[in-house]
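Novice: Below you will find the structure I want to go over with you.
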Amino acid sequence: MQNTDMPYEVRIGGAGFSQVARFATVEEAYAEAHRVRKTAETGERVAFTNLIGRTGMFLVLGIRINGWNPSTNTWLSHAGPWTAKKTPADALTPIPADWHGVPLPDDWYGQTTAA
């Protein structure tokens with residue numbers, strides 16, 4: 001689903017659930033993803049407000065950051081995923097622009113997450 005006012009999303013998942021929250025800027029999305037990660041790494045439940053505004057406490061096992069690409073009308077991975085069991089070194093860091101193989105919006109990397 002397209003949302004040009006909220007073109008970035010954080011998707012969390014765990015045993016039997018997936019939740020999404022959307023953000024107006026890439027900086028907001030990364031701040032939320034890193035906040036969730038910090039708590040999830042302790043093994044505690046994380047407060048997370050989803051797309052429809054409902055807040056729940058979740059045992060998070062994975063986090064993704066996606067961005068809406070209006071030129072392809074698709075959500076694309078914006079960062080390497082974080083997983084609780086095997087965290088890659090590039091988790092929650094921006095994926096290089098040439099990895100996607102499609103044109104990206106000019107503001108894809110925002111101000112603070114430039115690759």
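First residue of the sequence shown: 1, per UniProt numbering; consecutive thereafter. Backbone N, C-alpha and C fix where the C-beta goes; we use that ideal spot for every residue, glycine too. On a predicted model such as this, the values are computed, not experimentally measured, just so you know.
(1) Just list the residues that DSSP pairs N66 with in beta bridges.
(2) Within 8 Å, do at least three Cβ pairs link the region 65-76 to the region 38-52?
(3) With a threshold of 8 Å on Cβ separation, who are the neighbours of A24 within its own chain once the five nearest residues in sequence on each side are excluded?
(4) Determine the extent of the alpha helix (DSSP H) in which A29 is found, giving its start and end residues.
(5) Which same chain residues end up closer than 7 Å to S77 when comparing Cβ atoms and leaving out the 5 residues on each side of it in sequence?
(6) Pull up the CB-CB distance for G13 and G62, whole angstroms please, since I reckon it's below 8 Å.
(7) What are the start and end residues of the alpha helix (DSSP H) that includes A97?
(8) According to the Cβ coordinates, are V26 and D107 closer than 9 Å?
Specialist: A quick look at the data gives this:
(1) Note: N66 is bridge-paired with E9 and S77 in the DSSP secondary-structure output.
(2) As far as the Cβ criterion goes, the region 38-52 does not touch the region 65-76, which means the pair count is below three.
(3) The answer, listed in chain order, is D5, M6, P7 and Y8.
(4) For A29, the enclosing alpha helix (DSSP H) has its first and last residue at V26 to A40.
(5) Cβ within range, chain order: R64, N66 and I95.
(6) So it is a contact: roughly 5 Å between Cβ atoms.
(7) Here the alpha helix (DSSP H) through A97 covers A97 to H100.
(8) Going by C-beta atoms, V26 is nearer than 9 Å to D107.
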